[in-house]
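Here the sequence shown is numbered in our numbering, starting from 15 and rising by one per residue. Backbone N, C-alpha and C fix where the C-beta goes; we use that ideal spot for every residue, glycine too. It should be emphasised that the depicted structure is a prediction, and the values quoted were computed from it without experimental measurement. Contents: one structure, followed by commentary.
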Amino acid sequence: MKKTYKCRLLKKTELCSGIYDFVVEAPEIASQAQIGQFLHITCGGSTFLRRPISICDTDGSNTVRFAFQVKGEGTKLLAQWEPGAEIDIMGPLGHGFEVKPGEKAAVIGGGIGVFPLLRLARETDSAVFLGFRTKELVAMEEDFKAASDNVTICTDDGSYGYDGFAIAAMGEYLLENKVDVIYSCGPTPMLKAVKQIAEHMNIPCQLSLEQRMGCGIGACLTCVCETKNEGMAKYKQVCTCGPVFDAKEVVL
Ligand SMILES: Cc1cc2nc3c(=O)[nH]c(=O)nc-3n(C[C@H](O)[C@H](O)[C@H](O)COP(=O)(O)OP(=O)(O)OC[C@H]3O[C@@H](n4cnc5c(N)ncnc54)[C@H](O)[C@@H]3O)c2cc1C
Ligand code: FES
């Protein structure tokens with residue numbers, strides 16, 4: 015059974031409308047967390063099930079940072095916690111990104127999918143492409159620019175940065191530059207496009223998937239995704255086998 019911890023909320027920031035950035039005191043999680051793993055969080059009130067939120071960053075020994083968008087009841091309640099409160103968090107959970115030392119990477123994220131990519135941007139030699147619908151939704155630009163000296167911010171409506179989808183910006187980059195691996199997290203249409211480009215250019219690729227979750231620890235099968243495997247292994251739990259998968263393995 016995965017451990018749960020009472021984690022004191024140290025800092026709360028509203029990054030943009032309805033998107034919150036929390037830093038909590040969680041030494042056990044901070045010291046173990048791998049890039050791309052997630053937390054399963056009790057939001058409070060009448061919500062019974064925990065909600066999965068990616069680990070954005072840690073200081074390696076004491077604090078864990080995560081950011082989330084208010085979507086429904088759970089995240090609305092979570093957003094109401096104030097510094098000093100204790101939040102019940104299970105984690106770190108799941109299988110994260112498999113990073114190899116010295117590799118050159120392209121890192122691409124969209125919307126709330128950019129948050130689990132911050133540590134990747136810092137800990138790999140990477141070109142980073144971050145897509146947002148519009149300027150007002152651009153989040154963590156300064157954090158990413160502090161983490162990597164090659165960050166391209168893209169907006170779908172051209173209101174800020176590169177005018178167009180992050181996938182287009184990455185495609186242009188890959189025509190001129192060789193990378194060893196692509197890492198991605200974002201909405202399914204973006205992941206599908208990333209998978210296609212990776213297959214077409216024969217570049218290894220890891221994708222972080224999102225599914226609705228129940229238990230978060232492999233017991234309820236709420237979160238299964240389809241893979242190309244045969245037989246019993248055709249459906250895998252995103253909470254334990256993922257959220258990060260080899261792009262070649264999953265069916266999107
Ligand atoms: C591994 C993982 C990591 C995640 N990391 C983050 C993160 O870093 N930041 C962040 O903002 N969100 C993240 N999510 C999504 C987040 O878990 C959902 O937005 C949240 O659970 C919604 O809960 P709610 O009670 O507010 O909304 P609900 O009332 O449960 O649902 C509101 C809306 O959100 C949709 N939704 C619910 N659960 C999910 C889900 N798991 N994935 C996609 N859509 C969902 C519903 O279909 C509905 O449209 C992650 C999800 C997973 C599986
Ligand atoms: S959420 Fe229960 S098995 Fe994945």
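For the beta strand (DSSP E) assignment, the uninterrupted runs of no fewer than 3 residues enclosed by the region 112 to 164 are, from N- to C-terminal side, 118 to 124 and 139 to 146.
Applying a distance threshold of 7 Å between residue Cβ atoms and the heavy atoms of ligand 2 selects Met-227, Gly-228, Cys-229, Gly-230, Ile-231, Gly-232, Ala-233, Cys-234, Leu-235, Thr-236, Cys-237, Gln-251, Val-252, Cys-253 and Thr-254, given in chain order. Glu-213 sits in a helix when the DSSP states are folded into three classes. Taking one beta carbon from each stretch, the region 112 to 122 and the region 195 to 203 have 3 or more pairs nearer than 8 Å; the two touch. Counting the other Cβ atoms within 10 Å of the Cβ of Gln-251 gives 16 or more, which makes it buried.
Counting of Cβ neighbours within 10 angstroms places Pro-97 among the exposed residues, the total staying below 16.
Residue pairing from DSSP places Gln-220 in a beta bridge opposite Tyr-197 and Asp-260. Taking every protein chain shown into account, the CB of Ser-68 has 16 or more other CB atoms within 10 angstroms, so this residue is buried. Between Leu-235 and Leu-221, the CB-CB gap reaches or exceeds 7 Å.
Those residues whose C-beta sits under 5 Å from the nearest heavy atom of ligand 1 are, from N- to C-terminal order along the chain, Phe-52, Arg-65, Pro-66, Ile-67, Ser-68, Phe-82, Gln-83, Lys-85, Gly-86, Glu-87, Gly-88, Thr-89, Ile-126, Phe-129, Glu-224, Arg-226 and Pro-257.
Nearest in C-alpha terms to Cys-21, of all of Glu-28, Val-84, Ile-103 and His-54, is Ile-103. A Cβ-Cβ distance of about 5 Å is found for the pair Ala-135 and Phe-158, placing them in contact under the 8 Å criterion. If you compare the alpha carbons of Cys-255, Ile-122 and Met-215 with that of Ala-233, the shortest gap goes to Cys-255. Judged by DSSP in its simplified three-state form, Glu-100 adopts strand. With a cut-off of 8 Å on Cβ pairs, the region 80 to 99 is in contact with the region 52 to 65, counting three or more such pairs. With respect to Ile-122, Ala-207 sits apart: the two C-beta atoms are not nearer than 7 Å. Going by C-alpha positions, Val-238 is about 8 Å away from Gln-225. Here Ile-167 carries a strand assignment [DSSP, helix/strand/coil]. Around the Cβ of Asp-71, a 10 Å sphere holds 16 or more other Cβ atoms; the residue is buried. DSSP places Lys-90 in the helix class (H, G or I) of the three-state scheme. Distances from the alpha-carbon of Gly-145 to those of Asp-139, Arg-133, Val-165 and Glu-137 put Val-165 closest.
Around the beta-carbon of Gly-172, fewer than 16 other beta-carbon atoms lie within 10 Å, marking it exposed. Listed in chain order, the non-local C-beta contacts of Thr-202 below 7 Å within the same chain comprise Leu-266, local neighbours out to five positions each way being set aside. Take the alpha-carbon of Cys-229 and the one of Tyr-19: they are about 16 Å apart.
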